[in-house]
Structure formats: structure tokens, C-alpha cells
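Participant: Numbering (our numbering), first residue to last: 168 to 563.
We put the CB at the ideal spot given by N, CA and C, even for glycine.
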Ligand code: LMR
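1) Roughly how many angstroms lie between the CA atoms of residue 507 and residue 348, to the nearest whole one?
2) To which residues does DSSP link residue 424 through a beta bridge?
3) Nearest-angstrom Cα distance between residue 563 and residue 352?
4) Looking at ligand 1, does it come within less than 8 Å of residue 250, judged from the CB to the closest heavy atom?
5) What do you reckon, are the CB atoms on residue 427 and residue 402 nearer than 9 Å?
6) Sorry if obvious, but does the Cβ on residue 201 come closer than 8 Å to a heavy atom of ligand 1?
7) Provide the residue span of the alpha helix (DSSP H) that contains residue 387, from first to last.
8) Nearest to residue 239 by CA position, among 456, 359, 219, 552, is which residue?
9) With C-beta atoms as the reference, is residue 497 less than 9 Å away from residue 550?
10) State yes or no: is the C-beta of residue 267 nearer than 8 Å to some heavy atom of ligand 1?
11) Is it buried or exposed for residue 212, if we count other Cβ within 10 angstroms and need 16 for buried?
12) Just mark residue 263 as buried or exposed, buried being the case when its beta carbon has 16 or more other beta carbons within 10 Å.
13) Is residue 193 near ligand 1 - that is, is its Cβ less than 8 Å away from at least one heavy atom of it?
14) Suppose the cutoff is 7 Å on Cβ atoms and the five residues either side in sequence are ignored; what does the same chain contact list for residue 554 look like?
15) Among 420, 527, 339, which one has its Cα closest to the Cα of residue 283?
16) When you compare the CB positions of residue 179 and residue 298, do they come within less than 9 Å of one another, or not?
17) Is it true that the CB of residue 531 sits closer than 9 Å to the CB of residue 185?
18) Need the endpoints of the beta strand (DSSP E) that residue 291 sits in, please.
19) Leaving aside the five residues before and after residue 254 along the sequence, list all residues of the same chain whose C-beta is less than 6 Å from its C-beta, in chain order.
20) Span of the alpha helix (DSSP H) holding residue 438?
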């Protein structure tokens, strides 16, 4: 049987990271996958995480299974971090999931099973794994425009028009809560309010992919979408990730947070989501959730974590402007200053697929085919190499 299995193309992000590892050139840069790196090119374990792990080593007394929905102490903290007091606690079901992708897949499995024939609306462009996750759960994929023709700014009117014309009752509307992946272009507060009003009018179910809380403008500032949606919608879902803001990539820790219109509806919702989890990975791994809960439970560790998160955010902001300055100094024909308006780990550079290929083949600089650059992979050590390579690429 296996001899006849046809090959499928490598993943557009993880596949490039694999290719990067195999590349034996001395000078190479991996600006593909969204993983934070410090000035030394290292993905650090945060000090707050190390302290929480030490505490756990000393106090943990069992490696027994968690419940299907995960660690209770984590539920409360995940809810507070995302929703705060926007929604009363008794309407909120939290499921600890293996990363943000796990949350998306559980949401998709639940929606596919509970509402046969549902459709999900994704932005164009979006994270390349979104369509596959929903298609795997049997959900039809529709798309709404996001960027203007210049590829640099949001075309809010086009986005609203598509949703107004195409959105139907029961359709799922996937939104990037902050730090839109791949563009880094976000809605303003008032645009979130207009969009939430429209999606509620259309009877759509918002599903907020919230993988970068704290990487845009701040933990609270990045909740603008949630604030607007919770005013207009009685029910919605959030897929959170703690990979980036806690640096817990390999621990695979995320959360699916489902808001029900009332406490009684939450019970049935939970039972259905439990079924989606049980027939997938049964129950989640414990360690990442225990770390997040320990940090958020302790005023001291929480303050330290928030400080480390602010430092990561600040480094990305300054790296982005260092790159823009470096291109100006080189008198590049392309004005990259639009990058300064983007939020989060990624910059949508506007480089064409041909330029992206050239950078990889000729300079060992790996960026995603869409032109998305992981800004956190640039540092004082490689900025000049990168800027020189991009300058050459813009001339081909
Ligand atoms: C990314 O977009 O690079 C991250 O979300 C990591 C991933 O799994 O693709």
C-alpha cells in the first residue's frame, strides 16, 4: 500500500525550516517560522518560566492524567488573561489544548460535528495552515479580502463588503485577534467595533485566533478585538497560544475558550468539545499548563514575565526600524517604511516569490514564500548581511 502513496508538497513554513537545517552554507538566516530569537540568535527560556519549573520540580507529586479539558488552575488563568471581566465566568468553557493549532483543530472538529455543512471565512492572505485545519474537519473554506492592492495596508471596506455580501447565519468568521499572520497589519479599535457589529448582524460566529497576545502593543491593548466582539456577540470562540508570549513553543500549550450565551448552554457545549478532544489526543499534556498557571498565580513571577514579554516586544519593534533604516542607508529603491506600521513578530515585506527564491538560493536567507519575514530572527549580528541581500534581491 505505502509504495503507492503519492508525495504531498512540504509545509510552506515548517518545510522551509527543515530545508534550512539541511543547508550547509556557513552564512545563512532562518526568518521563516515564528519563533522569537534574542540578539544572540537564541530562543531563550524566560527567567519566569525557569523559576516556575523549579517550583514545579519541588512540589509536583504525580504524573497522573489530566481531565479531558486539562488543568483547572490553568483554565481560570487563561480565561482571565484573554477575557478578563468582559464575560461572566459561568458562560465560559476553557479547554487546555496542545498549542494554538490544537485549539483550532478542536474548534474545527467540534464545529464540523455539531453543525454539518458549516463554512469558515478566512482572510486572504492568512496563516497557510488555517485552510488545511478546517478542511480536515470537513468545513468548507471561504475567503474575504484583507490587504489593499498595494500589499501594504488594510482594505477594510473590501473586507466588510465581502462579509456583508457573503456571510450567512452560522458561518464561522476567523479573525486574527492581533498581529495578523502573515501581514502584521491589524484593525483599529473602531474598525473592530464596526466589524463586530456587522458579523453580529449577519449571525456569524467569530473565532479569534489569538496566538500573539502581548506581541502587538501590550497584553491588554491586544485585546481590542475581544472587547468589541464581546459587546456584540453572545457566543464566540478564542484559540489562544502560549508558545510565543511565554516562549513555550515545544511544550505545546494553548487554549480553546468558548463563550456560551448563558451558563446552561455552556454545559452541553463542554460535553461536545470533550468528545472532540477524547477521540483525538484524549487529554492534554500537563507541563506547559502547569508553568503558565504557576506564573500567573504568583504576583512576582507574573511581573517578571510581563517584563520579559515587554522586552521581546520592544526588541522586535526596534529591529523592524533598524531594518528600515538599513535599507534607507543603502539608498534602496523600495521604501520599506510601511513595515513600521505592522505589529508582531512578522513583517510582510512585499518581496516577490522570485526575490524570495533568489534570497534562499543565492544568499541562504530563508523567508516564507508570501514574503513574510520573522523580524525576530534579525539581530545586530546579521542585519547588514540581510540588508545587503535584500538590496540585491530588489534589483533582480
Ligand atoms: C508561524 O506562523 O510561523 C507559527 O505560527 C508557527 C507555525 O506553526 O506555523
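Facilitator: Reading from the atomic positions:
1) Straight-line measurement puts the Cα of residue 348 at about 16 Å from the Cα of residue 507.
2) Residue 424 pairs with 261, 405.
3) Whole-angstrom Cα-Cα distance: 27 Å.
4) No, ligand 1 has no heavy atom inside 8 Å of this Cβ.
5) A contact, by the Cβ cut-off of 9 Å.
6) Yes, Cβ of residue 201 sits closer than 8 Å to a heavy atom of ligand 1.
7) No residue range can be given for residue 387, since it is assigned to no alpha helix (DSSP H) and is classified by DSSP as neither H nor E.
8) The shortest Cα separation from residue 239 among 456, 359, 219, 552 belongs to 456.
9) No, the pair does not count as a contact, with Cβ atoms beyond the cut-off.
10) Yes, since a heavy atom of ligand 1 falls inside the 8 Å radius drawn around the Cβ of residue 267.
11) Exposed: under 16 other Cβ atoms inside 10 Å.
12) Residue 263 comes out buried.
13) No, Cβ of residue 193 sits at least 8 Å from all heavy atoms of ligand 1.
14) Same-chain partners within the cutoff: 490, 493, 494, 497.
15) When each option's Cα is compared against that of residue 283, the closest is 339.
16) Contact flag unset, no.
17) If you check the CB distance, residue 185 and residue 531 do not come in under 9 Å.
18) DSSP places residue 291 in the uninterrupted beta strand (DSSP E) bounded by 286-291.
19) Taken in chain order, the residues that qualify are 397, 426.
20) Start and end: 430-445.
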